[in-house]
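In my numbering, the protein residues as written are 3 to 417.
Ideal Cβ placement from N, Cα and C applies to all residues, glycine included.
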Amino acid sequence: MAQEHVAAASSISVGAKIGGAPMVVGLVSLAHAMSHAYGALLPLILPPMQQELGLSYTQIGLMFTISNLVWGPLQLGFGILGRTYSRKLMLGIGHICQGLSVIGTGLTHSFSELMAWRITSRIADAPQHPIGNALISQSFAAERRGLGLAINAAGSNLGTVAVPLLGGLLIMSLGWRSTIAIFGLVGVLIGALIVGLLEDYRSQTKNAAGNTKVGPELLALLRQRNALLLLLSHILGAGGRGLSVATLYVPLYLSQSLQVDQIQLGWLLTLMMAGSVVGPLLSGPLSDRIGRKPVLLLDYAFSCVCFAGLLMVGASPWLLPAVLILTGIAVYSEGAVMQTALADIADKTSMDMLFGLYFTIGAAIGAPWSVLLGKLVDLYGFPAAFIAMGVSQVLAGLCVCFVQMRPIRATDPAH
Numbered sequence: 003m004a005q006e007h008v009a010a011a012s013s014i015s016v017g018a019k020i021g022g023a024p025m026v027v028g029l030v031s032l033a034h035a036m037s038h039a040y041g042a043l044l045p046l047i048l049p050p051m052q053q054e055l056g057l058s059y060t061q062i063g064l065m066f067t068i069s070n071l072v073w074g075p076l077q078l079g080f081g082i083l084g085r086t087y088s089r090k091l092m093l094g095i096g097h098i099c100q101g102l103s104v105i106g107t108g109l110t111h112s113f114s115e116l117m118a119w120r121i122t123s124r125i126a127d128a129p130q131h132p133i134g135n136a137l138i139s140q141s142f143a144a145e146r147r148g149l150g151l152a153i154n155a156a157g158s159n160l161g162t163v164a165v166p167l168l169g170g171l172l173i174m175s176l177g178w179r180s181t182i183a184i185f186g187l188v189g190v191l192i193g194a195l196i197v198g199l200l201e202d203y204r205s206q207t208k209n210a211a212g213n214t215k216v217g218p219e220l221l222a223l224l225r226q227r228n229a230l231l232l233l234l235s236h237i238l239g240a241g242g243r244g245l246s247v248a249t250l251y252v253p254l255y256l257s258q259s260l261q262v263d264q265i266q267l268g269w270l271l272t273l274m275m276a277g278s279v280v281g282p283l284l285s286g287p288l289s290d291r292i293g294r295k296p297v298l299l300l301d302y303a304f305s306c307v308c309f310a311g312l313l314m315v316g317a318s319p320w321l322l323p324a325v326l327i328l329t330g331i332a333v334y335s336e337g338a339v340m341q342t343a344l345a346d347i348a349d350k351t352s353m354d355m356l357f358g359l360y361f362t363i364g365a366a367i368g369a370p371w372s373v374l375l376g377k378l379v380d381l382y383g384f385p386a387a388f389i390a391m392g393v394s395q396v397l398a399g400l401c402v403c404f405v406q407m408r409p410i411r412a413t414d415p416a417h
């Protein structure tokens, strides 16, 4: 039955009423940027929100913890639904609902209201990663898929980088409630454009997917050697990547070990996050040319060099900024290429489900790594943590070494 589903999955056609694949990647990436923009805006509005609503730090922590616990597993849930139902509707309506939830957040007057809107917003955001990536992957030919997913990853990081300055100016001028309403309205508009402009054709897919039980298909996915190795690499490599690890401990290292002041810390982190925009745009197209596996291995090695460089250059006014830019490029390059590699092997599984599983694991694995690295810093200092981050990249690379990727052929048709 799983084979029937795979055969049917090939009948899915993704495009747009105008603009074709560039419109698909443009709208999905813009939506992805808005998802990250909401997250980047929250730290800016929390101080005035906390003061006005009388929130305790326990309540703030509870709000983020519960909403993220709801959001993580739902990514797999929407990946499963993507086998059967319209992806453009799930993604577009999700962003409309998320935008309305963000607007609702600006109307709250109590903790219970704030919690309800936050959870609703995270539920509405859950389709973004699995469904958005599947839409992009199936709108591009295999030899250009790396570029498409790279633009999506860079767009999300650009949303994170751009918001602190823009959001800060709006909050100073209009207040936090009006600012969050503006961001929410933009999200609603993007969701409406996705529903109105994207096209998601499927013929017998719905019937085939409906005849394929989720449990057996998920087990078949986990028995697929290459998929399992890539997911294992994702778990191990998370020790040196992402918002919950690299961007958590690098700033702490700069401020506590190198004694960088707050102003310097701000612009140094901006440089590192600028690298997060550049990294995917370099690694994705490169993987289209030379293959996913070589680029992943190169990135793991490059990350190890960057972690060592952070320890070696100290507070050098010239070398430290350069190393931080390179670190941003390194730790944010892997994601787009890993997702492209998963898309390349997904003809043997369910692309939506595979993406859903990938992002659900990613949402869960950052916390254990953060705790482990924090314990290492407490016991042995930052050098031990950076060594552990490097070891995680070596282990991830060893997993990728055993992955058998199909060669990328320029004759592969676009979906």
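Asked                                                                                                                                                                         : Found
Using beta-carbon positions only, say whether residue 123 and residue 140 come within less than 8 Å of one another.                                                           : no
Nearest to residue 216 by CA position, among 39, 355, 165 and 294, is which residue?                                                                                          : 355
Compute the beta-carbon to beta-carbon distance between residue 68 and residue 52, rounded to the nearest angstrom, for a pair I have assumed lies under 8 Å.                 : Actually they are not in contact, since the Cβ atoms of residue 68 and residue 52 sit about 17 Å apart, beyond 8 Å.
Identify the continuous beta strand (DSSP E) that holds residue 201 and give its terminal residues.                                                                           : 200-203
Let me make sure I understand the geometry here. Which of 295, 59 and 255 has the alpha-carbon closest to that of residue 346?                                                : 295
CB-CB under 6 Å to residue 117, same chain, minus the five flanking residues each way: which ones, in chain order?                                                            : 65
Using the three-state DSSP reduction, which class does residue 86 fall into: helix, strand or coil?                                                                           : coil
Using C-beta distances below 7 Å, list every residue in its chain close to residue 104, excluding the 5 sequence neighbours before and after it, in chain order.              : 40, 123, 182, 185, 186 and 189
Between residue 308 and residue 249, what straight-line distance do the alpha-carbon atoms span, to the nearest angstrom?                                                     : 14 Å
If you run the structure through DSSP and keep just helix, strand and coil, what is residue 143?                                                                              : coil
Report the three-state DSSP secondary structure of residue 179 (helix, strand or coil).                                                                                       : helix
Residue 119 by DSSP, collapsed to three states: which one?                                                                                                                    : helix
Consult DSSP for residue 238 and reduce its assignment to one of helix, strand or coil.                                                                                       : helix
Under the rule that 16 or more other beta-carbon atoms within 10 Å means buried, what is residue 292, buried or exposed?                                                      : exposed
Please report how far the alpha carbon of residue 133 lies from the alpha carbon of residue 218, in whole angstroms.                                                          : 21 Å
Within 10 angstroms of its Cβ, does residue 264 collect 16 or more other Cβ (buried), or is it exposed?                                                                       : exposed
Does residue 5 come out as helix, strand or coil in the three-state DSSP assignment?                                                                                          : For residue 5, the predicted structure reports a pLDDT of 45, less than 50, and the residue's modelled location is therefore unreliable. A value from the coordinates is still provided. Note: residue 5 maps to helix in three-state DSSP.
Whole-angstrom Cβ separation of residue 138 and residue 26, contact assumed at under 8 Å?                                                                                     : 6 Å
Using the C-alpha atoms, what's the distance from residue 81 back to residue 200?                                                                                             : 18 Å
With a 10 Å radius around its C-beta and 16 neighbouring C-beta atoms as the bar for buried, classify residue 206 as buried or exposed.                                       : Its pLDDT being 49, under 50, residue 206 is placed unreliably in this model, and the value from its coordinates should be taken loosely. Exposed, because fewer than 16 other Cβ atoms sit within 10 Å of the Cβ of residue 206.
Nearest-angstrom Cα distance between residue 330 and residue 276?                                                                                                             : 7 Å
Would you tell me roughly how many angstroms separate the C-alpha atoms of residue 119 and residue 126, rounded to the nearest one?                                           : 10 Å
Which same chain residues end up closer than 8 Å to residue 371 when comparing Cβ atoms and leaving out the 5 residues on each side of it in sequence?                        : 240, 241, 246, 247 and 394
Taking its Cβ as the centre, do 16 or more other Cβ atoms sit within 10 Å of residue 380, making it buried, or is it exposed?                                                 : exposed
Between residue 228 and the rest of its own chain, which residues show a CB-CB distance below 7 Å, the 5 nearest in sequence each way excluded?                               : 347, 405 and 406
Tell me whether the region 357-370 and the region 77-93 touch, counting them as touching only if at least three CB pairs, one residue from each stretch, are closer than 8 Å. : yes
DSSP three-state label for residue 471, please.                                                                                                                               : Only positions 3 to 417 of the chain appear in the structure, and residue 471 is not among them; the question remains open.
What would DSSP say about residue 129, mapped onto helix, strand or coil?                                                                                                     : coil
Helix, strand or coil for residue 34 per DSSP?                                                                                                                                : helix
Less than 8 Å between the C-beta atoms of residue 38 and residue 161, yes or no?                                                                                              : yes
Figure out for me which residue from 389, 92 and 48 has the closest Cα to the Cα of residue 251.                                                                              : 389
Taking only three categories from DSSP, how would you classify residue 317?                                                                                                   : coil
Between 42, 91, 391 and 222, which lies nearest to residue 352 when the distance is taken from Cα to Cα?                                                                      : 222
Pull up the distance between the alpha-carbon of residue 109 and that of residue 55, whole angstroms please.                                                                  : 11 Å
Could you pull out every residue in the same chain whose Cβ sits closer than 7 Å to the Cβ of residue 74, ignoring the five residues on either side in sequence?              : 362, 365 and 366
Who are the near neighbours of residue 391 in its chain, counting only those whose CB is closer than 6 Å to its CB and skipping five residues on each side?                   : 241, 242 and 309
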